[in-house]
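A short write-up of the structure that comes next.
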Amino acid sequence: MWLLVPLFGVQGTPVQAAPILIRALNVPLLVWAVAAASLSALSLFGVGRLLGASQPSLLLRLVLGCLCLIGIGGLLWVGMPHALGVANRVWLTLSAATPGALYWFVAALGISALALIAFGVMSASTVRRQRQVRALRQLADGYLEVAIALCDRRGRLRYANPRGVAWLFGADQRLRPELREAAQSALRSRRNTAQFLTIDENTRLNVQCVPQSRTLLGVVAAQSGSEAARSKFYEQFLRRIVHDMRNPLAAIIAHANNLRAEILPSPESAARAAAIIENEAQRLTRLVDSLLFDARLSYVPPALEPLDLVDVLEEVLYQHEERAAAEDKTLQLEMPPSAPCIADHDLLIRALSNLVENSLKYSEAGCVVHLSLNAYDQGYQIVVRDSGSGIPPSYLPDKIFEPLVRARPREGGSGSGLGLAIVKKIVLLHRGTLQAESTLGEGTTITLWLPAAP
């Protein structure tokens, strides 16, 4: 507005001619006019800063801004000429070469005033965001009990609070080697990736890699605390049960009779008999629990409520991470930021817990049990994949989900044949579907489809 337009002329004004002429009575008044214009520009910027503030209300800020402009404008352009003794004289004149030049000058002044106000608003917003960022960093550095960090695609540290530096990065300020695969997976897939990480015998972390852009990764880690474990104590101690109650009862009765008759040849035999009685009684307890739960599914409708499937999957990981660590196995979770759904929280926890428990049971040490949550327009896909011993083809695709069916009846006798049947009932109660794919010696993949929130 101030350079290009005059350079090419204003509505017929020759390029070499000045479109606008400003004259003052004397040099001091000309200097004062320049100073007043500069102060007016600063005032407009200050009004923009006022408008960009968060407090007080917008209406009050507008009123204050107008009053400031009127007061400062009156002081600069009316009050000071009175003080200089030239209030009754024309001390500043402006002449335009053409009407177009006058229109250009007025428009340039108006646009410049709006630009200065806009710059003030943006400046206030920037300052406010900077203060908020500093406050958040102070909270993260001094009070947050979790580790947070930002790193680039090569795992190099960009920002971390003290816990993040201590837990997630090595001496070279690069992401720990145990986390680099999960970090690269998150950046490639643009999805959140979760993994448990053991720092020492007293510190085990639930780590989430959250991609921020193609080159920037956020990492959040929290200690897997006992509070979550205690809140789900009952679910953590549910075990596989047997469907035939006669075998454990017969064993209990026989060994109890031997103990009472004192016909066992040695103290070691008595201890072994007592251990068998205890184990068989525990199997009966698990069986009763599964039967009661199966009965509940048949007669009690699900308690549907809005929930986030991401929270459900994270809770399932918390339930099983101690067992996975003890057996030298890894639980990995890949998920979107959120997945709103209408479902029964406890039933979904039970179904997914059964699947993860099966995967851990039939996987060797060092294996990875992978959970993924995928969002689609129609609903959500939950996949539980392991690299365990697999399911025989004769039990696929549907027989494995029938009640009292055990694909491995001779492997320890600890399965009841109700676990996957319960999973199928829970999925059907949520109007979903269930599918199993498996290859002997290579692993099993269980896929759940659940409808999205209406």
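In numbering that gives the first Met the number 0, the protein residues as written are 0 to 453.
C-beta: ideal position from N, C-alpha, C; glycine also.
Because the structure is a prediction, the values reported are computed rather than measured.
With the cut-off set at 8 angstroms, would you say residue i and residue j are in Cβ contact?
i	j	result
Ala220	Val206	yes
Phe104	Ala114	no
Glu313	Ala181	no
Leu334	Val309	Here residue 334 turns out to be Met, not Leu, going by the sequence shown. The answer is yes: Cβ separation under 8 angstroms.
Val368	Leu359	yes
Ile445	Val383	yes
Leu449	Tyr379	yes
Ile147	Ala159	yes
Ser53	Arg127	yes
Ala32	Ala40	no
Arg155	Gln172	yes
Leu135	Ala185	no
Phe118	Glu320	no
Leu372	Ile381	yes
Arg162	Leu149	no
Please report the straight-line C-alpha distance between residue i and residue j, rounded to a whole angstrom.
i	j	result
Leu2	Ile71	28 angstroms
Thr443	Pro336	26 angstroms
Ile19	Leu63	33 angstroms
Ser122	His81	35 angstroms
Val120	Arg60	12 angstroms
Leu291	Ser393	29 angstroms
Thr214	Asn278	54 angstroms
Val422	Asp397	13 angstroms
Ile198	Val311	25 angstroms
Leu351	Leu57	50 angstroms
Phe168	Leu178	10 angstroms
Leu347	Thr329	22 angstroms
Arg187	Ala107	50 angstroms
Leu427	Glu267	49 angstroms
In its own chain, which residues sit with a C-beta less than 8 angstroms from the C-beta of residue i, not counting the 5 before and 5 after it?
i	result
Glu116	One detail in the question is off: residue 116 reads as Ile in this sequence, not Glu. Excluding positions up to five away in sequence, the list reads Leu43, Phe44, Val46, Gly47, Leu50.
Gly431	Gly378, Leu447, Trp448, Leu449, Pro450
Ala35	Leu75, Trp76, Met79
Gln331	Ala181, Thr192, Ala193, Gln194, Val367, Val368, His369, Leu370
Glu441	Ser386, Gly389
Tell me which same chain residues have a C-beta within less than 7 angstroms of the C-beta of residue i, skipping the five on either side of it?
i	result
Asp343	Pro301, Ala302, Leu303
Ala139	Ile147, Asn160
Leu306	Cys340, Ala342, His344
Looking at the unbroken alpha helix (DSSP H) that takes in residue i, where does it start and where does it end?
i	result
Leu50	26-50
Gly442	Gly442 -> not in any alpha helix (DSSP H); beta strand (DSSP E) instead, spanning 442-450.
Leu428	418-428
What are the boundary residues of the beta strand (DSSP E) that residue i is part of?
i	result
Leu472	Residue numbering for the chain in the displayed model covers 0 to 453; residue 472 lies beyond these limits and cannot be assessed.
Leu215	215-222
Pro305	304-307
Ala96	Segment: none, Ala96 is in no beta strand (DSSP E) and carries neither H nor E.
Gln434	432-438
Cys20	Here residue 20 is Leu; the residue named in the question, Cys, does not match the sequence. Per DSSP, Leu20 belongs to the beta strand (DSSP E) from 19-23.
Grab me the residues of residue i's own chain with a C-beta within less than 6 angstroms of its C-beta, minus the 5 sequence neighbours each way, in chain order.
i	result
Leu91	Ala23, Ala32
Pro27	none
Tell me whether residue i counts as near the ligand MG, meaning its Cβ is closer than 7 angstroms to at least one heavy atom of that ligand.
i	result
Leu427	The ligand content of the structure shown is nil, which means the ligand MG is not present either.
Report the residue ranges of all beta strand (DSSP E) runs contained in full by the region 317-402; include only those spanning at least 3 residues, in chain order.
329-334, 339-342, 367-374, 378-384
Entirely within the region 137-203 and at least 4 residues each: give me those alpha helix (DSSP H) ranges in chain order.
The qualifying runs are 161-167, 176-188.
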